[in-house]
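Going down the list, the protein sequences come from chains L and A.
With positions in the first sequence counted from 1, the corresponding number in my numbering is that position plus 152.
With positions in the second sequence counted from 1, the corresponding number in my numbering is that position plus 152.
Just so you know, even glycine gets a beta-carbon here, dropped at the ideal spot from N, CA and C.
Okay, structure first, notes after.
Number of protein chains: 2
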Amino acid sequence: MHVKDQAARARQAAYALAALPLASRHQALRTIQDQLKRHATEIFAQNNLDLQQAQAEALAYPLLKRLKFDEAKLNDVIAGIDALLGLPDPLGHCSLARELTPGLNLYRVSCPIGVIGVIFESRPDALVQIAALCVKSGNAALLKGGREALRTNRALMAAMAEGCRGILPEGWATLLETRDDVNEMLAQDDSIDLIIPRGSNAFVRYIMDHTRIPVMGHAEGLCHTYVDADADPAMAVRVVTDAKTQALAVCNATETLLVHRQIAADFLPSCAAALRAKGVELRGDAATQALIDCLPATEEDWASEYLAAILSIKVVDSIDEAITHINHYGSHHTDAIITKNPEGQQRFLSGVDSAGVYVNCSTRFADGFRYGFGAEVGIATGKLHARGPVGVEGLCTYKYQLIGSGQTVEDTVTGAIRYTHRDL
Amino acid sequence: MHVKDQAARARQAAYALAALPLASRHQALRTIQDQLKRHATEIFAQNNLDLQQAQAEALAYPLLKRLKFDEAKLNDVIAGIDALLGLPDPLGHCSLARELTPGLNLYRVSCPIGVIGVIFESRPDALVQIAALCVKSGNAALLKGGREALRTNRALMAAMAEGCRGILPEGWATLLETRDDVNEMLAQDDSIDLIIPRGSNAFVRYIMDHTRIPVMGHAEGLCHTYVDADADPAMAVRVVTDAKTQALAVCNATETLLVHRQIAADFLPSCAAALRAKGVELRGDAATQALIDCLPATEEDWASEYLAAILSIKVVDSIDEAITHINHYGSHHTDAIITKNPEGQQRFLSGVDSAGVYVNCSTRFADGFRYGFGAEVGIATGKLHARGPVGVEGLCTYKYQLIGSGQTVEDTVTGAIRYTHRDL
Numbered sequence: 153m154h155v156k157d158q159a160a161r162a163r164q165a166a167y168a169l170a171a172l173p174l175a176s177r178h179q180a181l182r183t184i185q186d187q188l189k190r191h192a193t194e195i196f197a198q199n200n201l202d203l204q205q206a207q208a209e210a211l212a213y214p215l216l217k218r219l220k221f222d223e224a225k226l227n228d229v230i231a232g233i234d235a236l237l238g239l240p241d242p243l244g245h246c247s248l249a250r251e252l253t254p255g256l257n258l259y260r261v262s263c264p265i266g267v268i269g270v271i272f273e274s275r276p277d278a279l280v281q282i283a284a285l286c287v288k289s290g291n292a293a294l295l296k297g298g299r300e301a302l303r304t305n306r307a308l309m310a311a312m313a314e315g316c317r318g319i320l321p322e323g324w325a326t327l328l329e330t331r332d333d334v335n336e337m338l339a340q341d342d343s344i345d346l347i348i349p350r351g352s353n354a355f356v357r358y359i360m361d362h363t364r365i366p367v368m369g370h371a372e373g374l375c376h377t378y379v380d381a382d383a384d385p386a387m388a389v390r391v392v393t394d395a396k397t398q399a400l401a402v403c404n405a406t407e408t409l410l411v412h413r414q415i416a417a418d419f420l421p422s423c424a425a426a427l428r429a430k431g432v433e434l435r436g437d438a439a440t441q442a443l444i445d446c447l448p449a450t451e452e453d454w455a456s457e458y459l460a461a462i463l464s465i466k467v468v469d470s471i472d473e474a475i476t477h478i479n480h481y482g483s484h485h486t487d488a489i490i491t492k493n494p495e496g497q498q499r500f501l502s503g504v505d506s507a508g509v510y511v512n513c514s515t516r517f518a519d520g521f522r523y524g525f526g527a528e529v530g531i532a533t534g535k536l537h538a539r540g541p542v543g544v545e546g547l548c549t550y551k552y553q554l555i556g557s558g559q560t561v562e563d564t565v566t567g568a569i570r571y572t573h574r575d576l
Numbered sequence: 153m154h155v156k157d158q159a160a161r162a163r164q165a166a167y168a169l170a171a172l173p174l175a176s177r178h179q180a181l182r183t184i185q186d187q188l189k190r191h192a193t194e195i196f197a198q199n200n201l202d203l204q205q206a207q208a209e210a211l212a213y214p215l216l217k218r219l220k221f222d223e224a225k226l227n228d229v230i231a232g233i234d235a236l237l238g239l240p241d242p243l244g245h246c247s248l249a250r251e252l253t254p255g256l257n258l259y260r261v262s263c264p265i266g267v268i269g270v271i272f273e274s275r276p277d278a279l280v281q282i283a284a285l286c287v288k289s290g291n292a293a294l295l296k297g298g299r300e301a302l303r304t305n306r307a308l309m310a311a312m313a314e315g316c317r318g319i320l321p322e323g324w325a326t327l328l329e330t331r332d333d334v335n336e337m338l339a340q341d342d343s344i345d346l347i348i349p350r351g352s353n354a355f356v357r358y359i360m361d362h363t364r365i366p367v368m369g370h371a372e373g374l375c376h377t378y379v380d381a382d383a384d385p386a387m388a389v390r391v392v393t394d395a396k397t398q399a400l401a402v403c404n405a406t407e408t409l410l411v412h413r414q415i416a417a418d419f420l421p422s423c424a425a426a427l428r429a430k431g432v433e434l435r436g437d438a439a440t441q442a443l444i445d446c447l448p449a450t451e452e453d454w455a456s457e458y459l460a461a462i463l464s465i466k467v468v469d470s471i472d473e474a475i476t477h478i479n480h481y482g483s484h485h486t487d488a489i490i491t492k493n494p495e496g497q498q499r500f501l502s503g504v505d506s507a508g509v510y511v512n513c514s515t516r517f518a519d520g521f522r523y524g525f526g527a528e529v530g531i532a533t534g535k536l537h538a539r540g541p542v543g544v545e546g547l548c549t550y551k552y553q554l555i556g557s558g559q560t561v562e563d564t565v566t567g568a569i570r571y572t573h574r575d576l
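This is the structure:
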């Protein structure tokens, strides 16, 4: 079947999904859990074949680790679906109810977006998570995973599809397999409502440049932690160390540390010691180099998402300088301030133009699971529609329902009826 | 000043606007009202020059009518600003408050999108409305109006800018004047967050194809009214007549009437008589032609937004056939059902994939003023971000604020702290 036809089928499925009660969507999610357990041996076997080929192709260790789908990963995705089952229905939620004129009531009601195309990296668990998020939110999905995970993804998809036959409409989820498929998908603006690409900035740009379909980019995370003059130095060391080292190849790790000049001499030496103990390479501006032993940071460092055990450090004269630096070099993902000063907190929260603005905690908290969303389809760094971790709510839109009893606009012109605009 | 620099200045202005209290934004709105009154003579004089030139160029009458900016239009825009002043602050609204773990609280707080580029037709009142919506919502704006209204727009912009100096940051609104300016604006994806084009489908597509900036299209309205078997025929005649004739060249007028076969013989003759009395040309399918005197409707008719006194009519066998027709040919703008049957209402509300789904009322109600939004920047027919009439809320996004006291992710791994995910 051509992608064009798969997308058209997904469109029809989406119409059916939008009307499906929560009970049926939940039945599908529980069936997916059962099917994954039932077909586990087969899925692990296919994953082993993927892993063998990846090893033969000398894939880097972190990628192999992501590619692996074992008992632990299976338990994780099943737990993720449990969390989704525990969340309220994102559909049918009324965010505005207003009488326009007596007997004519306006309701803004949440509903699925429709057909969503997701392109993600070689993590087979992502396939299940995204499919489950789409089921919960009543969306149909076209899913393209990494080439390296193809056998695993086929086995996962087959298990899910087999179980959901008769519960969900045909075409509720479709696995795409090649790059050509992706290019064909990008042309289906009649059938697809949203493309979610997960990957590098360059990849997200490529997608944006090659489709008319709206794109919710999940791209770079160039996160900052700013240690203000009024920070508790011990807390700052703990939080910065976590933000940089708790995981390295992740979009919510802090890549640049900004430090107020007044606290730099107190704070930087102990922070540097803690980071070095974790094997972090430090690169600082001139003021930093005067206080600790480190490599010089260049203009390129301020613009780099290292995804590695490297931290760039800059001393600033004010909170405003920190905010300006973050808005200029950052990726509008997540940025934190460490300070006891309430005014400084407020200035930072309002001035930093990022999806996540944090006070006295680690940037590593930026995550759909940690926010209590059950799962996430990614972290959006754009400003339109969903921002930050995107869970089921981010996969919904709304409709305006207007329920009347024969009202006409002409009646409002003649004065026969009058607008009341009374919230219900 | 180049558009690139104007956009960069708008970006800086946006950062300042985001932190501006409601009192200052309201002061600016009241100043705009005063300034428009104070400079009315001058504005009307410039508008007369625009009108003279448009007449010399033989602009069509409906366009001339839109171009005119007189005392009545001035009063309208001032009243529109009054309505905006009466609305609550769209910024700082908290739509989620959750304890992630004791002492670590997550808040989802509304904030401005940032810099918005709006391209609109030759209605000078639109310039004031859009600028006022942006002020209320704390966004900076680049505004490109129709060529025909340039003198009027310059006079309006000058009056607003003069008054807001010292209240709003430099660059809060900038008038662009040429098509080249628009093309340059489309390249400023570093500085501009959103483009809102108002115009034809072809125009919106052109914009989408030439920019990486997200586009919120305000394009065609191909609206339907479906008269179900269980409709009250007299109500249906009144509502359909209003939906087609209350105004003609508007996106929320009904262009296609769908009628259930069971009611067609009862309903169509009286409806046709009412529409003909208003000068509407009728085009019907074979079943319609068998019941009333009308021209034949072709495939092209089902896909046409007439914006004129023409209505296409099709007889259908079921509500599902009506829904399928609407989802296939419609523009996902606004569609109505006339029926007394609650089950049919529900089926229509859930099955029709449009920004507005109406029961027993005229499609002409699809409008920001009528919804009580004070004003609208347009009506969005896409599904991402805002849908339907876009008022101040549609010009806002949100940030996640996470307020802690030194929490790290490592502490959640060791079990030192545990997620509670308790809504506050």
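If you draw a straight line from the alpha carbon of residue 247 of chain A to that of residue 242 of chain L, how long is it in whole angstroms?
-> 14 Å
Report the rounded CA-to-CA distance for residue 156 of chain A versus residue 337 of chain A, giving the unit in angstroms.
-> If you take the alpha carbons of residue 156 of chain A and residue 337 of chain A, they lie about 7 Å apart.
Whole-angstrom Cβ separation of residue 270 of chain A and residue 293 of chain A, contact assumed at under 8 Å?
-> Correct: roughly 6 Å between the Cβ atoms.
Short CB-CB distance (under 7 Å) between residue 514 of chain L and chain A | Residue 514 of chain L counts as touching chain A.
Show which residues of chain A have a CB atom less than 7 Å away from the CB atom of residue 171 of chain L.
-> 502, 503
Straight-line CA distance for residue 339 of chain L to residue 481 of chain L?
-> The straight-line gap from Cα to Cα measures roughly 33 Å.
Name the chain A residues that come within less than 7 Å of residue 345 of chain L, Cβ to Cβ?
-> Ordered by position in chain A, the residues that pass the 7 Å Cβ test against residue 345 of chain L are 535.
For the alpha helix (DSSP H) holding residue 223 of chain A, just list the boundary residues, first then last.
-> 223 to 238
State the beta-bridge partners of residue 257 of chain L as determined by DSSP.
-> L:251, L:555
Nearest to residue 434 of chain A by alpha carbon, out of A:418, A:461, A:415, A:452?
-> A:461
Express the C-alpha separation of residue 391 of chain L and residue 559 of chain A in angstroms, rounding to a whole number.
-> Spanning the two alpha carbons is a distance of roughly 7 Å.
C-beta neighbour in chain L for residue 366 of chain A, strict 7 Å | The beta carbon of residue 366 of chain A falls within 7 Å of a beta carbon belonging to chain L, placing the residue at that interface.
Residues that residue 377 of chain A contacts on chain L, provided the C-beta gap is smaller than 9 Å | Residues of chain L with a Cβ closer than 9 Å to the Cβ of residue 377 of chain A do not exist; the shortest Cβ-Cβ separation is about 12 Å.
According to DSSP, is residue 432 of chain L helix, strand or coil?
-> Here residue 432 of chain L sits in coil by DSSP.
Any chain A beta carbon closer than 7 Å to residue 562 of chain L = So, interface residue.
Against chain A: residues of the segment 547 to 561 of chain L by CB proximity under 9 Å | 549, 550, 551, 552, 553, 554, 555, 556, 557, 558, 559, 560, 561
Examine chain A for any beta-carbon lying closer than 7 Å to the beta-carbon of residue 415 of chain L, and answer yes or no.
-> no
Assign residue 234 of chain L to one of two classes, buried (16 or more other C-beta atoms within 10 Å of its C-beta) or exposed (fewer than that).
-> exposed
Using CA coordinates, which residue listed in L:526, L:521, L:501, L:427 is at the minimum distance from residue 400 of chain L?
-> L:427
For residue 154 of chain L, count neighbouring Cβ atoms within 10 angstroms of its own Cβ and tell me buried if that reaches 16, exposed if not.
-> exposed
Within chain L, partners of residue 147 of chain A - CB distance below 7 Å | In the structure displayed, chain A extends from 153 to 576; residue 147 of chain A sits before or after that span and is not available.
Residues in the segment 224 to 236 of chain A having any Cβ partner in chain L nearer than 9 Å | none
Within 7 Å, strictly: CB atoms of residue 158 of chain L and residue 315 of chain L = no
Sorted by chain position, which residues of the same chain lie with C-beta nearer than 7 Å to residue 474 of chain L's C-beta, five sequence neighbours on each side aside?
-> 378, 410, 468
DSSP state of residue 520 of chain A, grouped into three classes?
-> coil
With 7 Å as the threshold, decide whether the Cβ of residue 250 of chain L is near any Cβ in chain A.
-> yes
Between the C-alpha atoms of residue 313 of chain L and residue 276 of chain L, what's the straight-line distance to the nearest angstrom?
-> 16 Å
For the segment 372 to 432 of chain L, which segments carrying the alpha helix (DSSP H) assignment without a break, of at least 4 residues, lie completely within its bounds, in sequence order?
-> 385 to 397, 413 to 429
Completely contained alpha helix (DSSP H) runs for the segment 462 to 498 of chain L, where each covers 4 or more residues | Secondary structure in the segment 462 to 498 of chain L: the alpha helix (DSSP H) runs of 4 residues or longer, each lying completely within the stretch, are 471 to 481 in chain order.
Beta-carbon separation of residue 430 of chain L and residue 408 of chain L under 7 Å?
-> no
Given a cut-off of 7 Å, decide if residue 198 of chain L and residue 509 of chain A are closer than it, judged by their beta-carbon atoms.
-> Residue 198 of chain L sits away from residue 509 of chain A, with the two beta carbons spaced by 7 Å or more.
Other residues of its chain near residue 321 of chain A: CB distance less than 6 Å, five sequence neighbours each side excluded | If the five residues before and after residue 321 of chain A are omitted, its C-beta is found closer than 6 Å to the C-beta atoms of 165, 168, all from its own chain and listed in chain order.
N-terminal and C-terminal residue of the alpha helix (DSSP H) that residue 349 of chain L is part of = First-last for residue 349 of chain L: 346 to 349, but that is the beta strand (DSSP E), not the alpha helix (DSSP H).
Mind the definition here: the segment 527 to 543 of chain A touches the segment 532 to 549 of chain L only if three or more C-beta pairs lie below 8 Å; say whether that holds.
-> yes
Should residue 291 of chain A be labelled buried (16 or more other beta-carbon atoms within 10 Å of its own) or exposed?
-> buried
Verify whether the separation of the beta carbon atoms of residue 395 of chain A and residue 516 of chain A is less than 7 Å.
-> yes
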